[in-house]
Structure formats: C-alpha cells, structure tokens
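The structure appears right after this line, and notes come after that.
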Amino acid sequence: MAGGTFVTWDRWISSFEKVTGVEIRRINMPARALVGFGRVLDGLARVLPSFEPPLGREGAQFMSYMVPTDDAAFLAETGLGQYRDVDSSVRDFVEWLVDTDFIERP
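Its first residue numbered 408, the sequence shown is counted upward by one per residue in the working numbering.
What follows is the structure in structure tokens.
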C-alpha cells in the first residue's frame, strides 16, 4: 500500500488557490479542538435528521493525524519513479468538478 504524496492542509489550500484564482480563508485549529467540533456536529446530526454535517469526528481525526509514508519501495517496484505534481492533480480535480456540474467554473 502506498500513501502518496504527503501534502499539508496549508499546501492543499495554496494549490486550490493557485488553480482556481480564488482566495480561501484558513482557520487554524488544534487537532483536539477539530475532533471535538466534529463530535459536536455528529451529535447535532443525530438529533436533527435534516442536518448534514460538513465534518464529523472520523473525518476530523483523519485530517488531524495524517503522517507521511515512505513510498520509495512502491515507486521503485512499480517503475513509477515519482507521483504527479500536486497542482496538476488539483487542476484535474477542479476540472472534473466543473465538467460534472458539481461546481461552477471559478
């Protein structure tokens, strides 16, 4: 199994800003606070059936505790050499979102 290119949240946001030309607001939050916020949103979803939380505890844990992986053996065995550039991947993703009508062109 390979983890892929490790990208910090700040780097993700910067890439989306670069690709879309839209400034994205950043809110820094300690991991424990983010997980607690996700837990609160999960609780709201249980008592308000029509509420669809944008984040839950599990997602917050995943976001907060990601670590880089060593994919050198995988890349060597598969002959890939390296992963694609992050900005290229984000650009393709945004284009797909536009093409499938999930978002309007920024």
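The beta carbon of each residue, even a glycine, is placed where N, CA and C say it ideally should be. This structure is a prediction, so every number in the text was calculated from the model and none was measured.
Is the Cβ of residue 503 closer than 8 Å to any Cβ of chain C?
Looking at the structure shown, chain C is missing, and only one protein chain is on hand.
Verify whether the separation of the beta carbon atoms of residue 513 and residue 445 is less than 8 Å.
What you label residue 513 is simply residue 106 of the sequence shown in a count that begins at 1. What you label residue 445 is simply residue 38 of the sequence shown in a count that begins at 1. It is not a contact, given that the beta carbons lie outside the stated cut-off.
Measure the alpha-carbon distance for residue 490 versus residue 447 and round it to whole angstroms.
One-based indexing of the sequence shown puts residue 490 at position 83. One-based indexing of the sequence shown puts residue 447 at position 40. Cα to Cα, the separation comes out at about 37 Å.
With distances taken between CB atoms, is the gap from residue 410 to residue 492 smaller than 8 Å?
Along the sequence shown, read from residue 1 onward, the residue named residue 410 stands at position 3. Along the sequence shown, read from residue 1 onward, the residue named residue 492 stands at position 85. No, these two residues do not count as a Cβ contact at 8 Å.
Quick one: what's got a C-beta closer than 7 Å to residue 501's C-beta in the same chain, skipping five residues either side?
The sequence position of residue 501 within the sequence shown is 94, counting from 1. Only 426, 427 meet the Cβ criterion.
For residue 420, the first and last residue of its enclosing alpha helix (DSSP H)
The sequence position of residue 420 within the sequence shown is 13, counting from 1. Unbroken alpha helix (DSSP H) run through residue 420: 416-427.
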